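K.L.:
Quick one: the structure is below, questions incoming.
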Amino acid sequence: MLAYSTYSEAGGVGKTTTAANLAVAHARAGLKPLVVPLDPQDGDLSRLFGVDERRTDSVDTLVRHMIRRPNGDFDDLVRTVEGVDIVPEHNMLSDLADFLQRERDQAEAMGEAFGMHAQLLRVLRDAGVPDRYDVLICDPPATEGPHLYNAINATRSLVIPLEPSAKGRAAVEGLEALVAGLEAQLDVDVGVLAAVPIGFKNTRDQRTILDEIDYPVPEVIGERASLMEGCWMQQCSAFEYVRSHRSKRRDYEVDTLAQFDRLARYLEQQVGIEAPHPPEPGDVDQEVMTA
Amino acid sequence: MTGMKQGAGEDPFAEDADVSDDAEAGPTTDRASESSSDATPTDAEVDSPESGQETAQTDDATRSSSAETTMQVPYTLRRDSVQDGRDRYPLFLQSETKRAERDALHDLEDQFDGNVSLTDLREALVLAGLDHLDEVEAQLRTWGYGLTFD
């Protein structure tokens, strides 16, 4: 299974749209992806895919599973959109740190151990995710905390969307330190599958910064604010947006879709997965394959 | 840059992967790094004002010269992360507002040599707005507050 977290320290870089579009790109090629977004705030991946309507309801949630108090089967949490399985975010995620801490205190009082940062991994493993899915994508929030730690622990690999700017560079350096700390704490080995510069305008400064990135940069994505805002408006992936909501195809947007396709193939190759029906990159009309 | 290798990390679901719960304590307490995108120097382990150790961290002392005279270390240096001392309130913005905020951020980054945290900017915008409630009222009116239908 290919497992990664999309992570960037700077907000607004395109982390969530990257996760969403890569998930659809994997699904288009006939793979079965599971996306686990963990952002406690509104305006998150669940919102993008239009599966956020129950986030304030009193329903079973991933958080309940993480603190060993599920109200149902893991599979019942999952929603499917555009061939992508998603565990929708819920407002309980805002208090994840408290819930985990309380559970841990309780466990310790009972002489048990409770790994606060290993719970997502445990839930996914217990649900048989590695056997049933080809790709796992976690989309944690851009801040340190149990959401991020659980995501990194459950995936061990990162895809880093970044703004090709001094700010983006600082964010990658901050991430280095954070991951090094986490590796030491959890005794895990974390790798970077790819850095994905987004919003590239080909200035000299930006080119310099790209040259400095130590990680593989399979694709450099240009400024696509209008496309991405359209996706949020229509609550769908960029593929679906161009297919169903653009009256006229715009070449540069189709090029961006091709980049997501190629990026997905690149990531799959890194772990030796071969997609059964890879579309011609950017072939908008290839329907999502449902395995 | 150290710490992270290129390519895939280990398989989290490998048979022998140690999911056991001894890996704990978590970096939350000893904060491995500066998490946020703001410009706070990570080494700003400035002693809290009450500890009164002015000798520590000369770097930061010179950076904030006012700290010596007023004994009040500025917020950006005092905190461990941009969220310290703050509660979370989600924000809903119209896209034009979001764009204006982004432009303002970029302008201010020019003023301050690079990094301004969005979180800081937002609180500053709120504070500035509180000082100019008449302008806030005018904005609300453009959104239709105060309309009467006779």
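Chains A and X, in that order, give the protein sequences.
With my numbering as the guide, the letters of the first sequence map in order to residues 4 to 294.
With my numbering as the guide, the letters of the second sequence map in order to residues 45 to 194.
Where a beta carbon is used, it is the ideal one built from N, C-alpha and C, also for glycine.
Computed from a prediction, not measured in an experiment: that's the story for all the values here.
1. When DSSP builds the beta bridges, which residues end up paired with Gly-131 (chain A)?
2. Kindly say whether Tyr-244 (chain A), judged by its beta-carbon, lies nearer than 7 Å to any beta-carbon of chain X.
3. Using a Cβ cut-off of 7 Å, pull out every chain A residue sitting near Gly-51 (chain X), in sequence order please.
4. The stretch 142-155 of chain A: which residues have C-beta closer than 9 Å to a C-beta of chain X, in chain order?
5. Does the separation of the CB atoms of Arg-159 (chain A) and Pro-118 (chain X) fall below 7 Å?
6. In this structure, how does DSSP classify Cys-234 (chain A) when only helix, strand and coil are distinguished?
7. When you compare each of A:Gln-44, A:Gly-118 and A:Asp-63 to Pro-144 (chain A) by their alpha carbons, which one comes out closest?
8. Beta carbons nearer than 7 Å to chain X: which residues of the stretch 191-225 of chain A have them?
9. Could you tell me which chain A residues have their CB closer than 9 Å to the CB of Phe-156 (chain X), listed as they occur along the chain?
10. In three-state DSSP terms, what is Gln-50 (chain X)?
11. So, does the CB of Lys-170 (chain A) fall closer than 7 Å to a CB anywhere in chain X?
12. Check distances from the C-beta atoms of the stretch 168-187 of chain X to those of chain A and list, in chain order, the residues that come in under 8 Å.
13. Whose C-alpha, out of A:Val-195, A:Leu-213 and A:Leu-196, is nearest the C-alpha of Gly-202 (chain A)?
14. If contacts are defined as beta-carbon pairs under 8 Å, then Ser-11 (chain A) and Ile-163 (chain A) qualify, I think. What distance do you get, rounded to the angstrom?
15. Using only alpha-carbon positions, find the residue among A:Ser-168, A:Ala-198 and A:Glu-226 that is nearest to Arg-210 (chain A).
16. Rank X:Val-180, X:Leu-169 and X:Gln-116 by C-alpha distance to the C-alpha of Ala-144 (chain X) and give the top, closest one.
17. Do Leu-165 (chain A) and Leu-270 (chain A) have their beta-carbon atoms positioned less than 7 Å apart in this structure?
18. Is the shortest distance between the beta-carbon of Ala-130 (chain A) and the beta-carbons of chain X less than 7 Å?
19. Among A:Thr-146, A:Val-199 and A:Asp-60, whose alpha-carbon lies nearest the alpha-carbon of Gly-177 (chain A)?
20. Taking only the alpha-carbon atoms, compute the straight-line gap between Gly-285 (chain A) and His-68 (chain A) and give it to the nearest angstrom.
21. Beta-carbon of Glu-89 (chain X) versus every beta-carbon of chain A: anything under 7 Å?
P.N.:
According to the data block:
1. Sequence index remark: in the first sequence, residue 131 (chain A) carries index 128 (1-based). Answer is none; Gly-131 (chain A) lacks a bridge partner.
2. Position 241 of the first sequence, counting from 1, holds the residue named residue 244 (chain A). With 7 Å as the cut-off, Tyr-244 (chain A) does not count as an interface residue toward chain X.
3. On the second sequence, position 7 is the one that residue 51 (chain X) refers to. In chain order: Gly-194, Leu-196 and Gln-273.
4. Ala-145, Thr-146, Glu-147, Gly-148, Pro-149, Leu-151, Tyr-152 and Ile-155
5. Locating residue 159 (chain A) in the first sequence gives position 156, where the first residue counts as 1. Locating residue 118 (chain X) in the second sequence gives position 74, where the first residue counts as 1. Not in contact: Arg-159 (chain A) and Pro-118 (chain X) (Cβ atoms no closer than 7 Å).
6. Indexing the first sequence from 1 puts residue 234 (chain A) at position 231. DSSP places Cys-234 (chain A) in helix when its eight states are reduced to three.
7. Position 141 of the first sequence, counting from 1, holds the residue named residue 144 (chain A). It is A:Gln-44.
8. Val-191, Asp-192, Val-193, Gly-194, Val-195, Leu-196, Asp-217, Tyr-218 and Pro-219
9. In the second sequence, the residue the question calls residue 156 (chain X) occupies position 112. Result: empty, since nearest Cβ-Cβ is about 12 Å, beyond 9 Å.
10. For this step, residue 50 (chain X) is matched to residue 6 along the second sequence. DSSP places Gln-50 (chain X) in strand when its eight states are reduced to three.
11. Sequence index remark: in the first sequence, residue 170 (chain A) carries index 167 (1-based). Closer than 7 Å to some Cβ of chain X, the Cβ of Lys-170 (chain A) qualifies, so yes.
12. none
13. Within the first sequence, the letter at position 199 stands for residue 202 (chain A). With distances taken between Cα atoms, Gly-202 (chain A) lies closest to A:Leu-213.
14. The residue labelled residue 11 (chain A) in the question sits at position 8 within the first sequence. The residue labelled residue 163 (chain A) in the question sits at position 160 within the first sequence. Yes, Ser-11 (chain A) and Ile-163 (chain A) are in contact; Cβ-Cβ is about 6 Å, under 8 Å.
15. Locating residue 210 (chain A) in the first sequence gives position 207, counting from the first residue. Of the candidates A:Ser-168, A:Ala-198 and A:Glu-226, the one whose C-alpha sits nearest the C-alpha of Arg-210 (chain A) is A:Ser-168.
16. Translated into positions along the second sequence, residue 144 (chain X) becomes position 100. Answer by Cα proximity: X:Leu-169.
17. Locating residue 270 (chain A) in the first sequence gives position 267, where the first residue counts as 1. Locating residue 165 (chain A) in the first sequence gives position 162, where the first residue counts as 1. No, Cβ-Cβ distance for Leu-270 (chain A) and Leu-165 (chain A) is not below 7 Å.
18. For the purposes of this step, residue 130 (chain A) is taken as residue 127 along the first sequence, with counting starting at 1. Judged by the 7 Å Cβ criterion, Ala-130 (chain A) is not in contact with chain X.
19. In the first sequence, counting from the first residue as 1, residue 177 (chain A) sits at position 174. Checking every option, the nearest Cα to that of Gly-177 (chain A) belongs to A:Thr-146.
20. By one-based count along the first sequence, residue 285 (chain A) stands at place 282. By one-based count along the first sequence, residue 68 (chain A) stands at place 65. For Gly-285 (chain A) and His-68 (chain A), the distance between alpha carbons rounds to 38 Å.
21. Taking the first residue of the second sequence as 1, we reach residue 89 (chain X) at position 45. Residue placement at Glu-89 (chain X) is poorly supported in this model, since its pLDDT is 39, which falls under 50; the coordinates still yield a value, given next. No, Glu-89 (chain X) lies away from the interface with chain A (no Cβ there is under 7 Å from its Cβ).
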